[in-house]
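Right, one structure below, let's go through it.
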Amino acid sequence: MSMVLNEDQMMLKDAVRGYCLTNAPVSVLRYLRDQQSEDGFSRELWRQMVDLGWAGMTIPEQYDGFGFGYGGLEIVLEETGRTLVPTPLVSTVLLCATAINLGGSEEQKSALLPAIVKGELIMALALEETPFHNPTRIATTARPQGAGYVLNGSKQLVIDGHIADKLIVVARTAGGQDDKEGISLFMVDRTATGVDVRRTLMVDSRNAAHVTLNNVQVDEEALLGDLHNGFIVLEKTLDIGRIGLAAEMLGNAQEVFDRIIDYLKQREQFGVLIGSFQGLQHRAAHMYSELELCRSAVRRAFDELDGAQEDIPILASIAKAKLSEVLCNISNEGVQMHGGIGMTDEFDIGFYLKRARVAQVLLGDATFHRDRYATLSGF
Amino acid sequence: MSMVLNEDQMMLKDAVRGYCLTNAPVSVLRYLRDQQSEDGFSRELWRQMVDLGWAGMTIPEQYDGFGFGYGGLEIVLEETGRTLVPTPLVSTVLLCATAINLGGSEEQKSALLPAIVKGELIMALALEETPFHNPTRIATTARPQGAGYVLNGSKQLVIDGHIADKLIVVARTAGGQDDKEGISLFMVDRTATGVDVRRTLMVDSRNAAHVTLNNVQVDEEALLGDLHNGFIVLEKTLDIGRIGLAAEMLGNAQEVFDRIIDYLKQREQFGVLIGSFQGLQHRAAHMYSELELCRSAVRRAFDELDGAQEDIPILASIAKAKLSEVLCNISNEGVQMHGGIGMTDEFDIGFYLKRARVAQVLLGDATFHRDRYATLSGF
Amino acid sequence: MQELDQFRDNARAWLEHNCPASMRTPMTEDEVVWGGRNPTFKNPDSKLWLERMAALGWTCPTWPSEYGGGGLSKEEGLILAEEMQRIGARSPLNSFGISMLGPVLLEYGTDEQKLEHIPPIVRGEIRWCQGYSEPGAGSDLAALGAKAVLDGDDYIINGSKVWTSYADKADWIFCLVRTDFDVPKHSGISFILFDMRSKGVTTRPIRLISGASPFCETFFDDVRVPARNLVGKLNDGWTIAKRLLQHERTMISGFGLTSGRASRGALAATVEGAAMKYRGDTTKLSDAVLRDEIARYKIDSEAFAFTSRRSMEEAKTGKGPSATSSMLKNYGCELNKRRYELLLQAMGNQALGWESGDHTDFSKDELRITREWLRSKGNSIEGGTAEIQLNVIAKRVLGLPEMPIAAQKKGEK
Amino acid sequence: MQELDQFRDNARAWLEHNCPASMRTPMTEDEVVWGGRNPTFKNPDSKLWLERMAALGWTCPTWPSEYGGGGLSKEEGLILAEEMQRIGARSPLNSFGISMLGPVLLEYGTDEQKLEHIPPIVRGEIRWCQGYSEPGAGSDLAALGAKAVLDGDDYIINGSKVWTSYADKADWIFCLVRTDFDVPKHSGISFILFDMRSKGVTTRPIRLISGASPFCETFFDDVRVPARNLVGKLNDGWTIAKRLLQHERTMISGFGLTSGRASRGALAATVEGAAMKYRGDTTKLSDAVLRDEIARYKIDSEAFAFTSRRSMEEAKTGKGPSATSSMLKNYGCELNKRRYELLLQAMGNQALGWESGDHTDFSKDELRITREWLRSKGNSIEGGTAEIQLNVIAKRVLGLPEMPIAAQKKGEK
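Residue numbers (the working numbering), protein chains in the order written: chain A, 102 to 480; chain B, 102 to 480; chain C, 163 to 575; chain D, 163 to 575.
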């Protein structure tokens, strides 16, 4: 077990950070938002990131990936989280590539993973059906028809759904509404007949879409993993997704915190730097402490992902619960401690406040994960 | 509706406060504890309080009381709460006299209320059977026998049980474990055959006892209120008890807060008064704000008790939930802000910390009352 | 006592007769009447209602009748408010002239100033804005830099203000300016009034994280203002400024008061209603943890409402807004922020939209709540930050000592 | 690497052979071995175990062997700790000499001082106590008033200390005294050692809100101490004091670490276990609100444990306890306090007893938890208050500016 980054990882961190500061600062998100970009992300920047190897970070070398491990993706997510640059990293690399890698057949892996590494394929996971994260509440159906299936249903909060070439759709092939059994995963082309994808404009300008499936026909190769048993792959994928999101949120929180500390050191009021007021100092010290715990929770989970892979569900819930709570608090403090200027759209800090709330509900909010932690711990 | 005390009440407040400061300061509780007093309260002080009219505050004039209303008892409870002086006010006046007044027959009232006013009768309510407040979870039974009943069961946290002349026992005469229906109230002499009362030494030195009822025979006059329908009287009594306890807790909290503020104004560290540190100032300001809300919640409830008596259950839950939460926080701050000296037994502040926890569980803790508030509010 | 009963009967009868039916319904934000030189009345009844009330001076019921006010006693004013509330009558006029400038002008203005400015305020003919905050000053309000230099019978004003609500729509401004640079910061400030049409005044709206806002930046470039428009003594403007801030806080603390109650859209009527609706619950909120948090919030809201009431009753015996206004302001704002955080939890993903285009992914109500949630974050900044209010409570209410800060001019902290 | 593996094998074999079976069980408080001139061993195996470990210097594994220490490298020390943990071996010796005095004596002491004091510490022959806090000084440790005045070859010490743990049982004391009154408070302090049997030393135990305690007040009345017992430079004791405080914080932060895990009594093994037991729950805690709070606590405890681990790994590359020790100390203490508050909620009335007499109203475990709950309130006061730790984090870790306080000698805040 290692709670600190190794030398390779430190070098990667410096490189990713340097890239983000120079090429992908917060102004990228602002520009995309203000221009009402249809894609909601920059294909040009994504191309550069792909060239830097980010899309292949976790993909095994046999599929043209770089096998840097999840520890590499951790660094990329944290640093892109600092600047909020929109990328398909979460949708495509963190979630879908993971699902394919975990559940895909040799053919599926060979066909899809190299394309992801090369940045030629963007994918999205179509999971949620209610306003609250609930991976077993699946009403979308996949009925067998001939050698394939027919899909019907509707999905919300599909991250990057509108720019994805392919969707992984979580559908029910058996069982009742909340059963784990009877869930299956299907890969569906976004342009297939009956698929309607509509971008939803989110408060944080993160890319998301609403997906409707109306008698969508897929062939049997579309099935990812075992029929009825998709939940096993799905849950593993979601846990890795939660850990990855936590890394991104750590980047969000760290950036807000750093900006707060900078501001406390330069803003004068009543003839002194406001950072010398004990009330603000103590709040800063509390935030620092919580952030340290967050960093450890994220590091610990990633280290385990690249190691023995024990206790991943519980480590995922620890990380996501902790980050959800702390990022919301720190992003609130970000506005409050900057005062009036923090409330203006011109200033960046509001972007983090908005991102915090969307990030916290994605793949389960703090309450969801505390409940899950308790269940996993047997109480 | 009046949220401020009237002139009579203000005069009473000054008088009660003066009496407590002079005759019943915190040292009384300390003395009783250190001497391991068997009674756990001072009969001599109680005699003086009775002479001052405290025991008859809420009892109608027709039963020799003074009809000062609950607003009078509010003041007495708050001020005795400030000095923690042990009295049978809660057990006898707040709870049992109220129950008799609400549910008693003319004969019962005439026989008992004047005796309470004169300080000749101490009573206790024997309710709880589990470690958590639950007024419907009654397993103690009262079986009809001849013209009377036979009681069996065991009760815990019976305030003043060991000094009470009579107990009001909550027993089940019908229905299942958690039913509201089928609960009846019986008056039982403490010295009756089969009654075993054992004082329990509580952390806050408040008087409490464990009561065991082993085939205790009572006659039909022992029934208080209607058979099977005792819960109506019980619940009203408990709500008035909760409101009264909240007043006492307000006194506890106000006293701790005043002591904190005094200390912040006199203790020097690093060459300045510690009260000038913004970190402590802000915490004090938060406590002050919460305490103001507490005072309003208590005042509002008492004003309603002496008025239209609408919404008493919800006002009781507001007051008890709020005070339970705030008193715990303020009593923690009491120790923390006094530093090392606050941890010593020689210093008084620890008594309030201890009282806070017992007071908060009595008749339902904060969680219980938030749950009840939600239920009463229909969500 | 009898006279008050008589007054109540008369007021009730008058209102019954004169308050149009459409003025007895809840008001949406775009129906609020702000008056001014170019007033907008979305509903013609609003105009009628304003005129009728203004004719009696009942837009400002307790102001002296010699300046057009209602001339009512405090008790009568309360009765009028109760009677209006009884029939759900709308406030006929929303105005910083009424809530902020008027009270201090009545206290500190010359008779000429009162005669010039108070009647138009009462009648809603002049719309005022407040020139207090400056970009560099923030909470340290007294560190302001906009300056006024005497030139004959006029002051020449230069500088800029920020957070000027509705500066782009206001007719006049009441403004803090520095008139002496050689004294401690609080001692060189004056309070001055001028027409926003004056040459050299420009405004620029501010966009907030929640979207468009009534706030502006306001710039003064050699603005010429008659010296007689100075209110109070030269360099003594800070006294007036502080007084006015108390009135502002009293107004803002109303936030928390409404926060426990029903508000505009049906959706946000109650947090618990929203939480149940989005979960499909009918009798009991199924998320026990959220239920507990909502109950905590509602209990605090109720206790806060009781406290506001108590504070009012206590003030009746006293003399206007007291230092507890800081407590009410702060707590009320925090309650409002909590309310929106809970609404977000209540609504899940549906509270995270920004725009809906032609689609129905997010309803109007949902989008409104998201924006209001963002906007609520400013509650504990505007009108004196939470930190400032806590400082005021600590020092003025609790009497805690001032930190002896070295080598600087000490100010309100 | 191979050498370390070799060391591990040897250590494992030695422990297997030398650690008595009874020393591999959890230790109750009265079984802790403190050593000293009049040591108590509740279990004779404890004595054997101490002697065996001390013979190798493994009571202080990484201290130099020339002073009786184990002479192990950091890595070897870690391996030894792991191997001991593996078999659940008890710590053979609990001692302020090891956790506090030793490290600074090794850093600042003369060779004579090390030779005189370190070996008895390693062997547990001399029990030390800490003379730091004073009644008037509190958090402002450097404001101490106990004074030492040179008289020939001796210092004459007068004054008093408070919160001296086990002063009534200690053989020697390491003590801060003022040796210069005419300089800023931090500059006139010295660090000195003396025998508690010296004439003029008296102690008085302190009773806490939780009952009897190891703390004492300690009084010095013309105590004569040889000048050679001064450690470090005259008037430079503050440097040593601060260093020692860091070691103390590192030790205290262990609180939070164990707080998530099993502890002594079966009852308190876990908070959630207690909560379920008292509610008669078997598979799931029925109180959903408490369940959420316990989960929050446990998640924080786990993240805290990860952080301690990370801090250790980071320290390996660094140089001993860093400023993050303040963070760990503070968070660990707060976690422990939270744990006991949750235990109280878990147990309801049963956590509110004080004594049980002959009866069984409250079990021994229950009464112990009540007392421990009270005792836990001191965690955020002793070893530097929470406020001090937060100040340290703000200034040393985050680099926030010092408030320029007027007209006083500035100190650590």
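For each residue, glycine too, the CB sits at the ideal point set by N, CA and C.
Query: If you reduce the DSSP assignment to three classes, tell me which class Gly-239(D) lands in.; Result: helix
Query: With a 10 Å radius around its C-beta and 16 neighbouring C-beta atoms as the bar for buried, classify Ile-249(C) as buried or exposed.; Result: exposed
Query: For Leu-212(D) and Gly-259(D), which I take to be in contact (beta-carbon distance under 8 Å), what is that distance rounded to the nearest angstrom?; Result: Going by Cβ atoms, the distance from Leu-212(D) to Gly-259(D) rounds to 13 Å, so no, they are not a contact pair.
Query: Terminal residues of the continuous beta strand (DSSP E) containing Trp-147(B)?; Result: Here Trp-147(B) belongs to no beta strand (DSSP E); instead the alpha helix (DSSP H) covers 144-152.
Query: With DSSP collapsed to three states, give me the class of Ser-128(B).; Result: helix
Query: Asp-454(D) versus chain C: which residues are under 9 Å apart at the beta carbon?; Result: Ala-450, Val-451 and Asp-454
Query: Quick check on Ile-354(C): does DSSP put it in helix, strand or coil?; Result: strand
Query: Can you check DSSP and say which residues form a bridge with Phe-448(A)?; Result: DSSP, once it has assigned bridges, lists no residue as partnering Phe-448(A).
Query: Beta-carbon of Ala-438(C) versus every beta-carbon of chain D: anything under 8 Å?; Result: Position check: residue 438(C) holds Met in this sequence, whereas Ala was assumed. Not one chain D Cβ lies under 8 Å of Met-438(C).
Query: May I ask you to list the residues that DSSP assigns as paired with Val-186(A)?; Result: According to DSSP, Val-186(A) bridges with nothing at all.
Query: Taking DSSP's pairing of strands, which residues face Phe-287(B) in a bridge?; Result: Val-270(B) and Leu-324(B)
Query: Counting only Cβ pairs nearer than 8 Å, list the residues of chain B close to Thr-221(D).; Result: Result: empty, since nearest Cβ-Cβ is about 30 Å, beyond 8 Å.
Query: Would you report the Cα separation of Lys-210(B) and Val-334(B), rounded to the nearest angstrom?; Result: 14 Å
Query: Given a limit of 7 Å on CB to CB distance, which residues of the stretch 278-298 of chain A reach chain C?; Result: none
Query: Tell me where the alpha helix (DSSP H) around Phe-371(B) begins and ends.; Result: Unbroken run through Phe-371(B): none, as it is neither H nor E.
Query: Just tell me which of Ala-175(C), Arg-530(C), Val-363(C) and Leu-396(C) has its CA closest to the CA of Gly-293(C).; Result: Val-363(C)
Query: Can you confirm whether Gly-440(A), when its beta carbon is compared against all beta carbons of chain B, has any partner nearer than 8 Å?; Result: no
Query: Taking the CB atoms as reference points, tell me whether Ala-309(B) and Leu-258(B) lie closer together than 8 Å.; Result: yes
Query: Quick one: grab the DSSP three-state call for Met-102(A).; Result: coil
Query: Check whether the Cβ atoms of Leu-122(B) and Ser-306(B) sit closer than 8 Å, and answer yes or no.; Result: no
Query: Can you say whether Thr-380(C) is buried or exposed, counting buried as having 16 or more other CB atoms within 10 angstroms of its CB?; Result: buried
Query: Taking 8 Å as the limit between beta carbons, can you name the residues of its chain near Ala-513(C), skipping five residues before and five after?; Result: Leu-505, Leu-506, Glu-528, Ile-531, Thr-532 and Trp-535
Query: Which of helix, strand or coil does DSSP assign to Gly-233(D)?; Result: coil
Query: Cβ atoms of Asp-297(A) and Asn-315(A): under 8 Å apart, would you say?; Result: yes
Query: For Arg-384(B), count neighbouring C-beta atoms within 10 Å of its own C-beta (all shown protein chains included) and say buried if the count is 16 or more, exposed if not.; Result: buried
Query: Cβ closer than 9 Å: which chain A residues qualify as neighbours of Asn-553(D)?; Result: Gln-379, Gln-382, His-383 and Ala-386
Query: Which runs of the alpha helix (DSSP H) spanning at least 4 residues fall entirely within the stretch 164-215 of chain C, listed in chain order?; Result: 164-180
Query: Between Ser-542(D) and chain B, is any beta-carbon pair separated by less than 8 Å?; Result: yes
Query: Within 8 Å of any Cβ in chain A, is that where the Cβ of Ala-403(C) sits?; Result: no
Query: Can you check which of these residues, Phe-452(B), Phe-480(B), Gln-382(B) and Gly-435(B), is closest to Arg-558(C) by C-alpha distance?; Result: Gln-382(B)
Query: If I follow the unbroken beta strand (DSSP E) through Trp-290(C), where does it start and stop?; Result: 290-293
Query: Considering only their Cβ atoms, is the gap separating Leu-406(B) from Tyr-90(B) smaller than 8 Å?; Result: Outside the shown range of chain B (102 to 480) lies residue 90(B), about which nothing can therefore be said.
Query: Run through the stretch 393-456 of chain B for me and flag every whole beta strand (DSSP E) of 3 or more residues, listed as ranges in chain order.; Result: none
Query: With a cut-off of 8 Å, does the C-beta of Ala-548(D) fall near any C-beta of chain B?; Result: yes
Query: For the structure I just gave you, are there three or more beta carbon pairs, one from the stretch 299-309 of chain C and one from the stretch 197-217 of chain C, closer than 8 Å?; Result: no
Query: Taking contact to mean at least 3 C-beta pairs separated by less than 8 Å, is the stretch 374-391 of chain C in contact with the stretch 312-329 of chain C?; Result: yes
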